[in-house]
Every structure is written in structure tokens, then in C-alpha cells.
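Counting with my numbering, you get residues 98 to 412 for the letters of the sequence shown.
Note that CB positions come from ideal geometry on N, CA and C, so glycine has one too.
First the structure, in the form of C-alpha cells, and then the observations on it.
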Amino acid sequence: MKQPISRIFLLVFLLTLSNAPARLTAEPGQTLVLGLMPAVNIAPIIVAQAEGFFQQEGLTLKIELFKNQMYRESALQAGTIDGTVSDLINAVNAVAQGFPLKVTSASEGVFGLVAAPRSKYPDASSWKNAPPGTKLKVGLLENSIIYYVTERMLEKRGIRTGIIELVSSPQLPARMEMLLAGRIDAACLPEPMISLALRSGATLVADTENLPFTPGVILFTEKTLQTKPLIIKAFYRGYNRGVTTLAKNPDRFKPLILEKAEFPPTAKEFTLPVFAPARATRLEEYRDVTDWMRSKGLLSSIPPYEKVVDGSYLP
């Protein structure tokens, strides 16, 4: 007896599906909430969002912009955001304290050590040749990526890190104000604050351009990774498309980044790093950062690399 044509078509269709290579995609409209800070390392995300790349990958991305790092960390722990662009030091500290998250990729940032206007120590040479025992007041955030990159920038230029007299200044606007008023000798700033400071008479002592890496990361909570794995993969496909598009014409997107990251209007001449497609944080980078953390007494025991870093969500 002949089978109905519709049943034959159904059988052929199912056989085709079973033999086709699977490409897992997010269900259209699924939402991911990212908490971001106003810094240049979020530029590929802004571009991908504006160009519709996330939507095309089946993802609805909601961005929450924070001006205070502590509020962002609180939102992550409260579960009101799924992930954030942060740094390896924050991530390792969180995991060491029992908070379940994973670093899913590295990210690029730009930092600079900037001397106050009319400083007696305006550049790397003057710092390197400062009399023995000289201490310079440097605005930093203690036990942070800012402190880490400052020491690495100095070491790269043969300057002793003992020259730093740390002045704790968690808030960027306050750090900038102290710098420009001459109440501190220098400060480590992210871009676009570097450009703003230089236009106000400060001078550049060192920057992260020649460092092998800066320990910026993108991370997500374990709950998000377990419940939204396809969305995270879709996010990275969109992110990489943002990187490619931004690289073709960075200047075209500067006004957009200025607006969406809520940079001050005077920061329109900011510097963008050369972004690369998302990659996993490397073991040697992890070891360098955790060795530094241990040297500062920040860790009694170091979480294993595999407990902190998971690059399996990358394309």
C-alpha cells in the first residue's frame, strides 16, 4: 500500500535534518543584560549593538551603564546583570571569595600614567633618573588593575616601582581633579580620561601600548552560562562582527562611542586601541596577574586557571 505523499516528505525532511551539520543558535529575542563602565574597551559592543549584529544573531542585548565600579559589582552579585567587561583581578578575587563566575574572554583597554601639569617629573626619563629614595604621590585604586598596570608600565621602562607613594582614589573624577590641581604628582587613568588630562596640561609618563597585554576581561555569572549558553555564543559572534566593522573605519564610530559610553563632550579626540576578535585569557597572563596579586598579599590561595577561565563559548 502506498504511503501518503505528506508522510514521505516528512520522512525525507527528518532524514535530512539528522544528517545536516548542527549550528546552534540563540532563540530570537532572548535577552542578555551587560553592565558596562564608560571606557574604550566597550567600543566593539557599542558598534555591534548599533549595527544590529546582536539582533541578527538572535540576541537582544540590554546595556546598563555604570559610573561607579562598586555599583556594577553589586549588580553582578545581585543577579540584575548577567555579565560585564571587567578585569582579571576582580574576577580572581570574586572566585576566591566563592562568587560563581567565569572569564569567557580577554578584552583590550588603554591606560596611561599621567603627570600633573608643571610637574618636576613630567616623563619617564625624569622618573627613571629621580634621586634615590624619591617618592611621588600617585593616584591609584589600591589592589586593582590600575595599580597592576602602573607597576608593569614602570617596570617596562626600567623605573623602580618603589617610587610610588599610593594615594587611594577610587573615583575617577576625584582622581582627575587632584591631578590637575597638583595635589598628587601623577595618576593612572583609562582612556578617554588620558586625552582629557593631556589637553588640560598634564603629560604622559607611560602607557600600556607596549605591554604584552592588559588584563581586561569579559565575564559572566555561572548562572548565566548555565541557562543562556547559546546566547553567550551569539553574543560573541556579534561582538566579533563589531570588531571587524570598527577596524574598517574607527573614526566613523567615534561620535557613536562618545555618545553611548557617555564620555564627556570634550573627550571627542580619544584614542581607540586596535581590537582583535575575542580570545580566551592565556594561562601565562593568568599566572602573571595572580603572581602579582600574591605579592601584594591579596590571595592566600590562587584558584586554578580552569576555575576562573572558560573560553569554550568563543566562536
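Contact under 8 Å by Cβ, residue i with residue j
| i | j | result |
| --- | --- | --- |
| Val-314 | Leu-185 | yes |
| Leu-308 | Met-250 | yes |
| Leu-210 | Ala-283 | yes |
| Phe-360 | Pro-289 | yes |
| Cys-285 | Val-235 | yes |
| Leu-156 | Gln-127 | yes |
| Leu-133 | Phe-163 | yes |
| Val-264 | Thr-378 | no |
| Ile-260 | Leu-129 | no |
| Pro-312 | Val-386 | yes |
| Val-137 | Pro-370 | yes |
| Leu-293 | Pro-214 | no |
| Ala-193 | Pro-400 | yes |
| Ala-375 | Pro-135 | no |
| Glu-205 | Phe-372 | yes |
| Glu-262 | Leu-233 | yes |
| Phe-310 | Glu-248 | no |
Beta-carbon contacts of residue i that lie in its chain and below 7 Å, excluding the five residues immediately before and after
| i | result |
| --- | --- |
| Ile-354 | Ala-140 and Ile-143 |
| Lys-253 | Asn-307 and Leu-308 |
Reduced DSSP category for residue i - H, G, I as helix; E, B as strand; rest coil
| i | result |
| --- | --- |
| Glu-262 | strand |
| Ala-119 | Per-residue confidence for Ala-119 stands at a pLDDT of 38, beneath the threshold of 50, marking its modelled position as unreliable; the derived number appears in the next sentence. Residue state, collapsed to three classes: coil. |
| Ile-256 | coil |
| Leu-222 | According to the sequence provided, residue 222 is Ser. The question's Leu does not apply to it. Residue state, collapsed to three classes: helix. |
| Asp-385 | helix |
| Ser-392 | helix |
| Ala-136 | coil |
| Ala-375 | coil |
| Ala-193 | helix |
| Glu-170 | helix |
| Gln-152 | helix |
| Thr-177 | coil |
| Pro-270 | helix |
| Pro-141 | helix |
| Ala-358 | coil |
| Lys-217 | coil |
Residues sharing a beta bridge with residue i, DSSP
| i | result |
| --- | --- |
| Val-406 | Val-200 |
| Thr-363 | Its beta-bridge partners do not exist; DSSP assigns none. |
| Val-235 | Leu-263 and Ala-283 |
| Ile-160 | Leu-131 |
| Ser-183 | Val-314 |
| Asp-304 | Gly-209 |
Cβ-based neighbour list, residue i, same chain, cut-off 8 Å, excluding 5 preceding and 5 following
| i | result |
| --- | --- |
| Lys-225 | Arg-254, Gly-255 and Ile-256 |
Contact between the segment 313 to 330 and the segment 384 to 396 (3+ Cβ pairs under 8 Å): no
Segment contact flag, the segment 225 to 238 with the segment 296 to 314, C-beta cutoff 8 Å, min 3 pairs: no
Cβ pair count under 8 Å reaching 3, the segment 330 to 340 against the segment 260 to 274: no
Three CB pairs or more closer than 8 Å across the segment 339 to 348 and the segment 145 to 155: yes
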